[in-house]
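**Q**
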Amino acid sequence: MTGNNSVDVVVVGAGFSGLYAVHLLREQGLTIQGFEAGADVGGTWYWNRYPGARCDIESLYYCYSWDEELAREWEWTERYAAQPEILAYANRVADKHDLRSSFIFNTRVEAAEWDDQAQQWTVRTSDGQTWSARFVVLGVGALSAANIPDLPGLANYTGQIYHTGQWPHEGVDFTGLRVAVIGTGSSGIQVIPKVAEQAASMTVFQRTANFTMPAHNTPADPELRAEVVEDWAGVRQRMRTSSYGLDVQPPTESLLEVPAEEARATFDRKWQEGALTAILQAYNDIVRNPEANDIAADYVRDRIREMVHDPQVAEDLVPSGYHFGTKRPCLDTNYFDTYNRENVELVNVRRDPIVEVTAAGIRTEQAEREFDAIVFATGFDAMTGPVLSIDIHGREQTLREKWAEGPVGYLGLQSAGFPNLFTITGPGSPSVLSNVVVSIEQHVEFVADLLARMREQGARVVEATAEAEAEWSDHVQQVAGYTLYPHTDSWFMGANIPGKPRVFLPYIGGVGNFRAKCDAVAANDYEGFAIS
Ligand code: N01
């Protein structure tokens, strides 16, 4: 290891978290060094360049709220912007606020070690440098550690292999190719219709059918934009105090208490809205009560059956075996209609499991198929994966050791024994269960305010107490337990990664409640943090 570089704060990642962290902390006069594994800014939107990638929170709301001038100036072209436009937005933010100058790109942070005597972190990067920093802020993303399943024979495959989260920048031309897609989560449902339009043939390997709903994406509505921009403070306030970081009021009615025809009419209307939580949040008991959930699930199932011509294919595409919404819901464009195409085949791997990848393709129990390319839409080692990919040594142990049975931390921001280290969108935060940009802003602002307070007090070290961390971690699981989520094998539970501990990872108590808790903590002298 070489180098003798010293800054106040190392920020890891140049996605929405890292960009805002650099902006706010630099404004406080702190010296910052950012590191980004990619060649440029954008995080998720830098890496996920697969055809069809777009946000599923309306773009008017899926953007920073701290730069009102930019909000007034920027015009999204679509209701749900596609990846290139969101990446252009991240670039615009970086240009406008000169954020690139604080980052070293193409460089991974590989390790960080706390030095108790010097009260600082020693950070090692992939270019062999070491940096000392009083604080480390991890803006590494919750969904950035790509998961490619360890299928037997994969190393022998001679065709092209892609993962949606690591898509080649030059794009991929599937024209004339026989393509396999494995996975039907948010990425799969976006990439499948696009690849089907291009490929000679496409075979989708589905393990779990998805409750996805049409996005009804449209060109941006100028009137709605004008309204949102006009009421900027109001919209922002409502998003910040909402459940999901959206300008949507929580439901007050129970599905079980309304007549069936009325519920049906509501669902019809909600279906047309094409919004992520429209059906899930139509009534207040859908995420909590299995009976209510079944009614909503059956509604979606019926709609899927209507869209798919072949009855057997339709039945395979109808989700079953888990509660509606407890895997992250998805919004799609032409997903189910894609299965009506002549060149598309569906393999239900629960009925016909994958046995191995051969040199030329994929062999299931019932058939062997040849493919020119395999697209893995198989998701991520969510929330803990990106953090633990860095070898972090705290006061007494590594974070990998500490989180061996699942992550524990305080407010998703700190873990006891790891002073001056912060995770943005960390496990135990609402992040992935919300409009993540709203959560990111709150997490970053909390950290920035805390550092400002420490400077006022002349303090050098802040660390979550073991008691506060235990209490918060229990609370995260307890609140999840009021819902149906923990009953489902999902990435929220760590269930998609073999051997990963089963713990509900995000905080499901809502963005508004989380903010209120953080505000109370701050008002109470940062209760639960030991500051010295
Ligand atoms: O990943 P996923 P994703 N054999 O984990 C299947 C965000 N996002 O990249 O369900 C066969 O959801 C797996 O099957 P199963 C969003 O938060 C947002 O799609 O585990 N199949 C599943 O079908 C999202 O939730 C957008 O049984 C295997 C799929 O692969 C999160 O990122 C767009 C398998 C993985 O689905 C992750 O989404 C994209 C195996 N061995 C992503 N292993 C927006 O629209 C896994 N699967 C904003």
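Throughout the sequence shown, residue numbering follows the numbering used here, covering -1 to 530 in sequence. C-beta atoms are modelled at their ideal positions from N, C-alpha and C, and glycine is treated no differently.
1. What residue range does the beta strand (DSSP E) around Leu23 cover?
2. What residue range does the beta strand (DSSP E) around Glu354 cover?
3. So what does DSSP say about Tyr297, is it helix, strand or coil?
4. What do you reckon, are the CB atoms on Val436 and Gly183 nearer than 8 Å?
5. Straight-line CA distance for Trp230 to Gly41?
6. Looking at the structure shown, is Asn89 part of a helix, part of a strand, or coil, going by DSSP?
7. Any heavy atom of the ligand N01 closer than 7 Å to the Cβ of Asp54?
8. Which parts of the region 52 to 118 are runs of the beta strand (DSSP E), unbroken and 3 residues or longer, counting only runs that do not cross its ends?
9. Classify Leu254 as buried or exposed, calling it buried when 16 or more other Cβ atoms lie within 10 Å of its own Cβ.
10. With a threshold of 8 Å on Cβ separation, who are the neighbours of Ala343 within its own chain once the five nearest residues in sequence on each side are excluded?
11. Do the CB positions of His321 and Thr216 come within less than 8 Å of each other?
12. Near Ser471, which residues of its chain fall below 6 Å by C-beta distance, leaving aside the five closest residues on each side in sequence?
13. Decide if Trp222 is buried, meaning its Cβ has at least 16 other Cβ atoms within 10 Å, or exposed.
14. What residue from Ile422, Ala312, Gly510 has the CA that sits closest to Thr239's CA?
15. Run the CB neighbour count on Gly174, radius 10 Å, all protein chains shown included, and call it buried at 16 or more, exposed below.
16. Can the beta-carbon of Phe378 be found less than 8 Å from the beta-carbon of Ser142?
17. Could you give the uninterrupted runs of the alpha helix (DSSP H) lying entirely in the region 329 to 402, keeping only those of 4 residues or more?
18. Report yes if the C-beta distance between Tyr505 and Arg286 is below 8 Å; otherwise report no.
19. May I ask which residues mark the beginning and end of the alpha helix (DSSP H) holding Gly479?
20. Starting from the C-beta of Leu68, find all residues in its chain whose C-beta is less than 6 Å away, skip the five residues before and the five after it, and write them out in chain order.
21. I want to check one thing, is the minimum distance from the CB of Arg326 to the heavy atoms of the ligand N01 below 7 Å?
22. Determine the contact status of Leu397 and Ser387, defining contact as a CB-CB distance below 8 Å.
**A** Put simply:
1. Mapped onto the sequence shown, residue 23 falls at position 25. Looking at the DSSP string, Leu23 is not in any beta strand (DSSP E); the run it does join, the alpha helix (DSSP H), is 14 to 25.
2. Walking along the sequence shown from the start, residue 354 turns up at place 356. Here the beta strand (DSSP E) through Glu354 covers 352 to 355.
3. Translated into the one-based positions of the sequence shown, residue 297 becomes position 299. Of the three classes helix, strand and coil, the one that applies to Tyr297 here is helix, per DSSP.
4. As a working note, residue 436 is residue 438 in the sequence shown. As a working note, residue 183 is residue 185 in the sequence shown. No.
5. Position 232 of the sequence shown holds residue 230. Position 43 of the sequence shown holds residue 41. Each residue's Cα considered, the two are about 26 Å apart.
6. Position 91 of the sequence shown, counted from the start, is the residue given in the question as residue 89. Of the three classes helix, strand and coil, the one that applies to Asn89 here is helix, per DSSP.
7. As a working mapping, residue 54 is identified with position 56 in the sequence shown. Yes, the beta carbon of Asp54 sits closer than 7 Å to at least one heavy atom of the ligand N01.
8. 107 to 113
9. Counting from 1 along the sequence shown, the entry for residue 254 is found at position 256. Looking at its Cβ environment, which holds fewer than 16 other Cβ atoms inside 10 Å, Leu254 is exposed.
10. In the sequence shown, counting from the first residue as 1, residue 343 sits at position 345. Looking at the sequence shown, residue 343 is not Ala but Glu. So the qualifying residues of the chain are Ser199, Met200, Thr201, Val202.
11. Indexing the sequence shown from 1 puts residue 321 at position 323. Indexing the sequence shown from 1 puts residue 216 at position 218. No, the pair does not count as a contact, with Cβ atoms beyond the cut-off.
12. To locate residue 471, count along the sequence shown from 1; it is residue 473. Closer than 6 Å at Cβ, skipping near neighbours: Val406.
13. Taking the sequence shown and counting its residues from 1, the one referred to as residue 222 is at position 224. In the sequence as presented, Trp is not what sits at residue 222; that position holds Leu. Exposed, since its Cβ has fewer than 16 Cβ neighbours within 10 Å.
14. Position 241 of the sequence shown, counted from the first residue, corresponds to residue 239. For Thr239, the nearest C-alpha among the options comes from Gly510.
15. For this step, residue 174 is matched to residue 176 along the sequence shown. By the neighbour-count rule (16 or more Cβ atoms within 10 Å), Gly174 is not buried but exposed.
16. To locate residue 378, count along the sequence shown from 1; it is residue 380. To locate residue 142, count along the sequence shown from 1; it is residue 144. Yes. Within cutoff.
17. 333 to 336, 382 to 386, 397 to 400
18. Residue numbering aside, residue 505 sits at position 507 when the sequence shown is read from its first letter. Residue numbering aside, residue 286 sits at position 288 when the sequence shown is read from its first letter. Contact: no.
19. As a first step, residue 479 is located in the sequence shown; it is residue number 481 there, counting from the start. 464 to 479 is the span of the alpha helix (DSSP H), which, as asked, contains Gly479.
20. For the purposes of this step, residue 68 is taken as residue 70 along the sequence shown, with counting starting at 1. Hits under 6 Å: none found.
21. Counting from one through the sequence shown, the residue named residue 326 turns up at place 328. At least one heavy atom of the ligand N01 is nearer than 7 Å to the Cβ of Arg326, so yes.
22. Working through the sequence shown from its first residue, we reach residue 397 at position 399. Working through the sequence shown from its first residue, we reach residue 387 at position 389. Contact flag unset, no.
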